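1282 is the number of the first residue of the sequence shown in the numbering used here; add one for each residue after it.
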Amino acid sequence: MNAPMNAPPTSWNRGDAAAAAPSTQRPAADDRRFPVSDHCDGHSFFNPGPRVPARGPLQVLRLRFDRGRAVWPRNVANPAFPPPPATVAPGTVAISFINHSSFLIRLPGAVVLTDPIFSRR
């Protein structure tokens, strides 16, 4: 049975003998180190640029109800596209975008469907 996605790992790689024993304790915040970048100071992640002041609940409600609403269209055009070819010639490939990160790749002698949802994690 798989552990829930938000469960901590059974051991943290500490590079010592204690790492061999399973542990569910997370390392202290001071022990965590991240690569320093334009979005990380080594301890925490942040958005670069000017800081936006926090908004309180009343301001959020005002934003939600004070703005005019856009008119939702009754119909959105959804044109039909030709289906992908049943076969491809040697030395060619047909790639069809399905949605998000999914593609149907047709090769000579093989068909590949790429989709992270269809894989075990």
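Using N, Cα and C, we set each Cβ at its ideal position, and we do this for glycine too. Keep in mind the model is a prediction, meaning the values are calculated, not measured.
Since P1397 and S1382 are thought to touch, with beta carbons under 8 Å apart, how far apart are those beta carbons, to the nearest angstrom? 6 Å
Comparing C-alpha positions only, which one of R1336, C1321, A1335 sits nearest to P1329? C1321
What are the start and end residues of the alpha helix (DSSP H) that includes F1327? Note, F1327: premise wrong, no alpha helix (DSSP H); not H, not E.
With 16 other CB atoms within 10 Å as the buried threshold, where does P1303 fall? Only weak support is given to the placement of P1303: the predicted model assigns it a pLDDT of 48, under 50, and the value that follows is read from those uncertain coordinates. When all chains shown are included, P1303 counts as exposed.
Is there a Cβ of chain D sitting closer than 7 Å to that of L1388, yes or no? Any reference to chain D falls outside this structure, which holds one protein chain only.
Output needed for T1368: all residues of its chain with C-beta closer than 7 Å, excluding positions within five of it in sequence on either side, in chain order. none
Please state if the CB of P1389 and the CB of N1371 are separated by a distance shorter than 7 Å. Looking at the sequence provided, one finds Pro at residue 1371 rather than Asn. A contact, by the Cβ cut-off of 7 Å.
Along the chain, where does the beta strand (DSSP E) that runs through V1333 open and close? Neither: V1333 is in no beta strand (DSSP E) and is coded neither H nor E.
Give the secondary structure of F1346 by DSSP, where H, G and I count as helix, E and B as strand, and everything else as coil. helix
From P1386 to F1362, what distance separates their C-alpha atoms? One point to set straight first is that residue 1386 is Ile, not Pro, in the sequence displayed. Distance between the alpha carbons of I1386 and F1362: 16 Å.
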